[in-house]
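Colleague:
2 protein chains.
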Amino acid sequence: MDTAEFRRRGKEMVDYVADYLENIEQRPVYPDLEPGYLRSLIPTEAPLEPESYEEIMYDVERVIMPGVTHWHSPNFFAYFPAASSYPAMLADMLCTAIGSIGFSWAASPACTELETVMLDWLGKMLHLPESFIAGTDGHGGGVIQGTASEATLMSLLAARCKAIRRVLETDATTSESEILSKLVAYTSEQFCATLGTTPSCAFDRITELGPFCNKENMWMHIDAAYAGSAFICPEFRPLLNGVEYADSFNFNPHKWLLVNFDCSAMWVKKRADIIGAFKMEPLYLKHENQESGLVTDYRHWQIPLGRRFRSLKMWFVFRMYGLKGMQAHIRKQVALAKEFESLVRADKRFEICAEVVLGLVCFRLKGSNEMNQSLLKRITKSREIHLVPCQLSGRFVLRLAICARSTESRHIQQAWRHITQLAFELLQEQPH
Amino acid sequence: MDTAEFRRRGKEMVDYVADYLENIEQRPVYPDLEPGYLRSLIPTEAPLEPESYEEIMYDVERVIMPGVTHWHSPNFFAYFPAASSYPAMLADMLCTAIGSIGFSWAASPACTELETVMLDWLGKMLHLPESFIAGTDGHGGGVIQGTASEATLMSLLAARCKAIRRVLETDATTSESEILSKLVAYTSEQFCATLGTTPSCAFDRITELGPFCNKENMWMHIDAAYAGSAFICPEFRPLLNGVEYADSFNFNPHKWLLVNFDCSAMWVKKRADIIGAFKMEPLYLKHENQESGLVTDYRHWQIPLGRRFRSLKMWFVFRMYGLKGMQAHIRKQVALAKEFESLVRADKRFEICAEVVLGLVCFRLKGSNEMNQSLLKRITKSREIHLVPCQLSGRFVLRLAICARSTESRHIQQAWRHITQLAFELLQEQPH
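Going down the list, the sequences are from chains V and L. Heads up, the first sequence is in the UniProt record's numbering, so the first residue is 1 and it goes up one at a time. Heads up, the second sequence is in the UniProt record's numbering, so the first residue is 1 and it goes up one at a time.
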């Protein structure tokens, strides 16, 4: 494919993407097929000779689309949202085309520098304490990780490295296995200090945990993967109070802040802590500016060596929405969750199972776990909407998360009508 | 930005990308700026109100491009290649638009199933032993990791988990810290068993290492991050002999197989080994098909929970190039490296420092390390081509890697003329 053909196919793809998203509601949100469906639809080996682009795009509809769970359908209410917006998609095209690998400052200075500044912008939107902001002379700063799991792992490794060093400073003769056997990590059922858990969007009391961690010289990492995006709104910012005690903090703009996956924002108070755990300096990655103190070599902040130019997505989204536009997006989705909550509360057969703070509603039929499992099975089978369950204190609970940017009030009303219709049928069949 | 505007802006972006790549040679390959350049060019905070798309694209040229190291310039010979092709870029647009997160089969069946089959296709292109192929009833199989570092970490964790289990099977009373203190990892200077090291593209003798590892019941992981792509050519496949002894193997199609970053292909002989180390099953990720034995939930194979639909890039590239097209790409780049090698060998002032097996040439001026450092400094400063150095047995060596898809013979000839001109000037200035 030469550049001329790319111009043509690229524009066709833009239209295909626009058509897909514009008409996504017409597709069943959840696929109707059996595991292993795809293998029988395509050859067992790659072709020897090139195939035509038409054949491939034909197969996108024949092979791929029937097997896609449409996360951006307005009827998708499962898990948590996967962020998506047109500005982020445009930035992603640019990121792919530039195709630089930003493991060091020199490998593509713009990639590193825009990332540092975008994490500062975002940190300021969240009113993070000054100590997390890189600025021109700070000791803290931010980085884009792929996912919250990676951010958590990085904080764990940095904490471990710091603890080992502390022991060795006191007694340099301590053996490594002796130190390792003494290290302790405290977690709740949901792992580290969490703001907005996945099952029910619950919040740990970090204003209580924080001072304790600081006093005991323990590393505190706070994960607000989903909820973090909401903290750009002043009315939700109090949920982040206590972050001043944390050593590291992360949340996922790729969940709820309109920046397509992957983009997990992580900040640390002391860059030296995280860099110290991973520094590696082969000659082929050295560059003349690295000792200037002004540059960041992000490979020291993460597990992978390579990294994409992901801050472009943030830059495009932050500028094309503006803070007010992003706040409006969060508020609209919280309002939709509240609307659904009201519908549930108005129906005596149902109950709300956790406080609705942001965009997630946990609810169930008053009755047995089995009955709620049956209800969810019917919902899944109908393929009109898609939900997943959670377990709260031993009870089987349904989760409705506001996910797609295209979800409107009518989808909420429709979803509720659909759920109550299936519940009605189910209850009719129950023995009295 | 609504869908109508996205159609317009998306097509403009396709043209911007095509123009960028078509005219990339006119940009200096390496930026001329000081660390911290970007911060002064943009505001310190995100805007409150939305900005226009025109302003942002204006800033792409004003703020971003001057700070980009152009990895896809035909004059970029640093590090190793970052793969890029138009079919992969089109597939990436589709991947972003679908925007599904494939942590489980149910979260998007097509995402999981295409990945398994694409890793089978690729494994067959490499003539991997049957035990690495998933097929319909195999015990092995492949997965896309983000980078080779992640693949290596996964294999290390799986090996550790397997070793701990083995001890506990013999003596269930052994304490965990006792076991941990006994675990050993053997590595060379370049870490695990490597085919094609980064400094000089050297190859470990895996036909010798392999039987030893198998006999001692040690996990063998082979990393062929760069070189792996070449094994699709029969003439280079012997370099992979011995892979039959490995427990896990990985290489990066995102380096040399035309699939844009990130796409690191990893295979294991026993899926159970890698899954066993990481299985986690909260209720919200369970689905009715997961116990059927037919489905793969890739979240058990990796550090992150979320994952993009990256196999689309492989599918587009494999089909639009065909195996023959991909082989031609590899052969062309190896031939360019050989062409450069001949030029170096024909000049008595220079020497070749490592066998040129694939697309990397390690060379230096006969003389001191200081002289070669000076030569590289002049090359970097001229910004006509971009190289990085390596250290081989204490000697400072220059690396020229064939990277961009657009590099042709004339760029090699031009690069050599440029290097010899700078070397001539340098040698003239030396005291006699």
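We put the beta carbon where it would ideally sit given N, CA and C, even for glycine.
Closest to Trp267/L by CA distance: which of Ile179/L, Ser311/L, Thr147/L and Val143/L is it?
Modeller: The shortest C-alpha separation from Trp267/L is found at Val143/L.
Colleague: Are the Cβ atoms of Gly306/V and Asp92/L separated by less than 8 Å?
Modeller: no
Colleague: Tell me whether the beta-carbon of Pro28/L lies closer than 8 Å to the beta-carbon of Arg383/L.
Modeller: yes
Colleague: Which stretch, first to last residue, makes up the alpha helix (DSSP H) that contains Asp273/L?
Modeller: Where Asp273/L is concerned, the enclosing alpha helix (DSSP H) stretches over Arg271 to Gly276.
Colleague: For Thr58/V and Trp315/L, I'd like the C-alpha separation in whole angstroms.
Modeller: The sequence shown places Tyr at residue 58/V, not Thr. One C-alpha to the other measures close to 13 Å.
Colleague: Which first and last residues belong to the beta strand (DSSP E) in which Leu343/L is found?
Modeller: DSSP places Leu343/L in no beta strand (DSSP E) but in the uninterrupted alpha helix (DSSP H) bounded by Ser311 to Arg345.
Colleague: Check whether the Cβ atoms of Leu94/L and Val17/V sit closer than 8 Å, and answer yes or no.
Modeller: yes
Colleague: Using CA coordinates, which residue listed in Trp71/L, Asp120/L, Lys270/L and Val295/L is at the minimum distance from residue 440/V?
Modeller: Residue coverage of chain V in this structure runs from 1 to 432, which leaves residue 440/V outside it and unanswerable.
Colleague: Could you list the residues in the region 256-271 of chain L with a C-beta less than 7 Å from some C-beta on chain V, going in chain order?
Modeller: Within the region 256-271 of chain L, those residues whose Cβ lies closer than 7 Å to any Cβ of chain V are, in chain order, Asn260, Phe261 and Asp262.
Colleague: Please determine, among Met1/V, Ala46/V, Glu22/V and Leu21/V, the residue with the shortest C-alpha to C-alpha distance to Gly322/L.
Modeller: It is Ala46/V.
Colleague: With burial defined as no fewer than 16 other Cβ atoms inside 10 Å of the residue's Cβ, what is the status of Ser409/V: buried or exposed?
Modeller: Answer is exposed; the Cβ neighbour count stays below 16.
Colleague: In its own chain, which residues sit with a C-beta less than 8 Å from the C-beta of Glu25/V, not counting the 5 before and 5 after it?
Modeller: Ser73, Pro74, Asn75 and Ser406
Colleague: Contact defined as beta carbons within less than 8 Å: I believe Ser100/V pairs with Phe309/V. What is the distance between those atoms, to the nearest angstrom?
Modeller: 6 Å
Colleague: In three-state terms, what does DSSP make of Ala4/L?
Modeller: helix
Colleague: Chain L partners of Ser108/V, CB-CB under 7 Å?
Modeller: Val68 and Thr69
Colleague: For Pro253/L, which of Asp223/L, Arg165/L and Thr174/L has the nearest alpha-carbon?
Modeller: Asp223/L
Colleague: With 16 as the cutoff for other CB atoms within 10 Å, does Asn372/V come out buried or exposed?
Modeller: buried
Colleague: Could you please give the first and the last residue of the uninterrupted beta strand (DSSP E) stretch that includes Glu351/L?
Modeller: According to the DSSP assignment, Glu351/L belongs to the beta strand (DSSP E) that extends over Phe350 to Ile352.
Colleague: Just checking my contact of Phe363/L with Glu351/L at CB under 8 Å: how many whole Å lie between their CB atoms?
Modeller: 7 Å between Cβ atoms; contact.
Colleague: Could you pull the DSSP bridge partners for Thr194/L from this structure?
Modeller: Beta-bridge annotation (DSSP): Thr194/L is paired with Asp223/L.
Colleague: Suppose contacts are defined by Cβ-Cβ distances below 8 Å. Is Phe251/V in contact with Leu239/V by that definition?
Modeller: no
Colleague: So the beta strand (DSSP E) residue 487/V belongs to, where does it begin and stop?
Modeller: Since the displayed chain V opens at 1 and closes at 432, residue 487/V lies outside it and no answer follows.
Colleague: With a cut-off of 8 Å on the beta carbons, I'd call Val60/L and Lys11/V a contact; round off their distance for me.
Modeller: Cβ atoms of Val60/L and Lys11/V stay farther apart than 8 Å, at about 19 Å.
Colleague: Can we say the region 109-127 of chain V touches the region 328-345 of chain V, given the rule of at least three CB pairs closer than 8 Å?
Modeller: no
Colleague: If we ignore side chains and look at the alpha-carbon of each, how far apart do Ile98/L and Met65/V end up?
Modeller: 9 Å
Colleague: Short of 8 Å in beta carbon distance, which residues of its chain neighbour Lys338/L, apart from the five on each side in sequence? Order them along the chain.
Modeller: Val356
Colleague: Between Leu168/L, Glu288/L, Asp137/L and Ala185/L, which has its C-alpha nearest Ala159/L's C-alpha?
Modeller: Ala185/L
Colleague: Could you work out which residues of chain V lie near Leu360/L, taking near to mean beta carbons separated by less than 8 Å?
Modeller: The contacting residues do not exist; Leu360/L stays about 11 Å from chain V at best.
Colleague: Please confirm if Thr194/L has its CB atom under 8 Å from at least one CB of chain V.
Modeller: no
Colleague: Would a C-beta distance cut-off of 8 Å place Cys201/L and Tyr226/L closer than the cut-off?
Modeller: yes
Colleague: Closer than 7 Å, Cβ to any Cβ of chain V: which residues of the region 380-407 of chain L, in chain order?
Modeller: Val388, Pro389, Cys390, Gln391 and Arg399
Colleague: Could you pull the DSSP bridge partners for Ile144/V from this structure?
Modeller: Ala265/V
Colleague: Check each candidate in Ala272/L, Ala4/L and Ile164/L and name the one with the smallest Cα separation from Asp297/L.
Modeller: Taking the Cα of Asp297/L as reference, the smallest distance to any Cα among Ala272/L, Ala4/L and Ile164/L is reached at Ala272/L.
Colleague: If you measure from the beta carbon of Tyr37/V to each beta carbon in chain L, is any gap under 8 Å?
Modeller: yes
Colleague: If we call anything under 8 Å between Cβ atoms a contact, is His329/L one with Trp105/L?
Modeller: Not closer than 8 Å, so no.
Colleague: Which whole-angstrom value describes the C-beta separation of Ile303/L and Leu153/V, a residue pair presumed to lie in contact below a C-beta threshold of 8 Å?
Modeller: 6 Å
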